[in-house]
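Encoded as structure tokens, the structure appears first; notes follow it.
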Amino acid sequence: MTLGVQTMPYLAFHARVTLLVMLLTISTQELVLCGVYATPEVEAERQKTVDFIVEKGWEALRRVYNTRNAYHTQEKGRRMLILLEQCRTPRPESNPSELAVEASICLYRISQCYEALGQLQPWVGRSLPIPEQVSKQAFNAFSYAQNAGKCRLKGDVAASSWVEEIQTQTGCMDLVEPSYRLGRLTYRLPFSEEMKKNKQRFGRAARGLRRSIELALSNEPLEQRMQVQRHDVELRQQQGRKPLRQQQHPFAGEVPETIAGPSSIIRPVGQPATPGTGVAIMTSRPSQPPPAPWEGTAPAGAASSLRAPLLQHVQPPHSEPQQRIPTAHPGHAGQPPHLSAPSWGKMQKETKDEQQASFEGWLASRPTTSWLCILVATRWSICHWAEHWAERFSIGSSATYANSERD
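Going letter by letter, the sequence shown gives residues -34 to -1, 1 to 373 in mature numbering (1 follows the signal peptide of the UniProt record, and there is no 0).
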């Protein structure tokens, strides 16, 4: 009874009540069979056992909540405890030989139930729920013990008459059906035949329980993972959910490192790029004055490219000759500065001279023995003088046109 009470919390709720009622019924059957032929010494031990089972039974029954599904089963357990309390009265006659036979049969049935409960202790010892398939197979052993005890009570005239008397007083007919309800007469089997029958029944129950335990243990890691997941879900529910905005944007108010990048790459507007980074940022606010007419017209996609910051690759200064962009003189706000034709040509000539000087300096830093370098230098000089004469012709034409307009 003690082992059964320890196992109950790890079963499903309906299985807890069923197990309690089965154990109370089996205990009452065995105590009645032993009490019919008990000697004074055995009767004293039987009285102590009755007190112990009644106390443990009421405690276990109070721990089980009253629900509609298990109400009838709980009521049956309550009636069984009342009936067991009425079995305290000792019988006037004793029969040691019959007592030895019934005690041996009862001991075997109880030992089989105890062994079935012991098979469930791996889950009880680790405080894990017992698989439902395993508990069903264990209940087969309890059911066989209950049916076997019921048959022994029906076949014993002295025991059945005592039980009917007690059931009439208490109004509980759950232990044995009255004799007028029996459709056929029952009789007790001899000891050898009874033990053979019990061994066959309990053997089938033990094999089924063993197979179910092996299957449950093989699937135990998966069940444990599911149990851990359920535990995590319950833990998150207890801690409470985060606000919806924080769940959708877990890094609200912060710039993720994968987007912003290191601080040496993304810099404030106007800060020049360092040679080590090789990355510059373009903003929608232009940091340069409007382009001069000689720089050509910006492509169509240039305006759209200035709407959002863009990352551009910047070569280190030492890998490419510096090119100075001429700065226009400040004029009226929002209007490009007015440049006359002579000043325009003078500034362009200065720019070309600076470009030629930087290019010649670059050639001077390279080996000049190669015929390729000489060819490139010659081509650059020819192109420079051709552009120079074209500019002078253009300036002269512009001056002649201006004089004719004044005249």
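Ideal Cβ placement from N, Cα and C applies to all residues, glycine included.
The region 93 to 102 makes no contact with the region 66 to 75: fewer than 3 CB pairs, one atom from each, lie closer than 8 Å. Excluding residues up to 5 positions away in sequence, Arg(-19) lie with their Cβ nearer than 8 Å to the Cβ of Pro(-26) in the same chain. When secondary structure is reduced to three states using DSSP, Met(-34) falls in the coil class, being assigned neither helix nor strand. Pairing Ala124 with Pro56 gives a Cβ-Cβ distance that is not under 9 Å. A direct Cα-Cα distance of roughly 43 Å separates Pro58 from Arg173.
Proximity to Lys120 across Leu155, Ser63, Ala107, Gly91 peaks at Leu155, based on C-alpha coordinates. A distance below 9 Å separates the beta carbons of Val(-3) and Val129. In this structure, Gln85 sits near Arg176, with a CB-CB distance shorter than 9 Å.
Residue environment: Trp89 is assigned as buried (16 or more neighbouring CB atoms within 10 Å of its CB, all protein chains considered). Only residues of its own chain outside the window of five on either side were considered, and among them Tyr3, Thr5 have a CB closer than 8 Å to the CB of Pro62, listed in chain order. Taking 4 residues as the shortest admissible run, the region 108 to 171 contains the following complete alpha helix (DSSP H) segments, listed from N- to C-terminal end: 123 to 136. Rounded to the nearest whole angstrom, the C-alpha separation of Asn106 and Ser77 is 14 Å.
One alpha carbon belongs to Met161, the other to Arg45, and they sit about 30 Å apart.
Glu68 places its beta carbon less than 9 Å from that of Cys(-1).
Judged by DSSP in its simplified three-state form, Ser(-8) adopts helix. Counting every other CB atom within 10 Å of its CB across the protein chains shown gives Ala66 a total below 16, marking it as exposed. Comparing alpha-carbon positions, the option among Thr134, Phe168, Arg167, Met(-34) lying closest to Thr(-7) turns out to be Met(-34). In its chain, beyond the 5 residues on either side, Lys42, Arg45, Met46 have a beta carbon closer than 7 Å to the beta carbon of Asp140.
Judged by their CB atoms, Lys22 and Val(-30) are nearer to each other than the 9 Å cut-off. Less than 9 Å divides the Cβ of Ala82 from the Cβ of Ala171. With respect to Leu49, Cys138 sits close: the two C-beta atoms are nearer than 9 Å.
Counting only runs of at least 4 residues, the region 54 to 92 fully encloses the following alpha helix (DSSP H) elements, listed from N- to C-terminal order: 62 to 85, 87 to 91. Judged by DSSP secondary structure, Ile19 falls within the alpha helix (DSSP H) whose first and last residues are 6 to 29. With contacts defined as CB atoms closer than 9 Å, Lys163 and Val142 fail to qualify as a contacting pair. Distance from Tyr110 to Arg167 at the Cβ level is roughly 5 Å; contact confirmed, criterion being Cβ atoms closer than 8 Å.
Scanning its chain for C-beta atoms nearer than 8 Å, with the 5 sequence neighbours on each side dropped, one finds around Phe157 the residues Val67, Ser70, Ile71, in chain order. A direct Cα-to-Cα measurement between Leu(-24) and Arg12 gives close to 30 Å.
In the same chain as Gln112, and ignoring 5 residues on each side of it, the C-beta atoms closer than 7 Å to its own belong to Met(-13), Thr(-10), Ile(-9), in chain order.
About 4 Å separates the beta carbon of Ala182 from that of Pro97, a gap short enough to meet the 8 Å contact definition. Excluding five sequence positions before and after Tyr80, the CB atoms of its chain that fall closer than 8 Å to its own CB belong to Leu(-32), given in chain order. Only exposed fits Arg29, as fewer than 16 other CB atoms lie within 10 angstroms of its CB.
CA-CA distance, Thr136 to Glu180, rounds to 44 Å. Straight through space, the alpha carbons of Glu64 and Thr(-17) are spaced by roughly 31 Å.
Each of Phe18, Glu25, Phe(-22) was checked against the Cα of Tyr37, and the nearest Cα belongs to Phe(-22).
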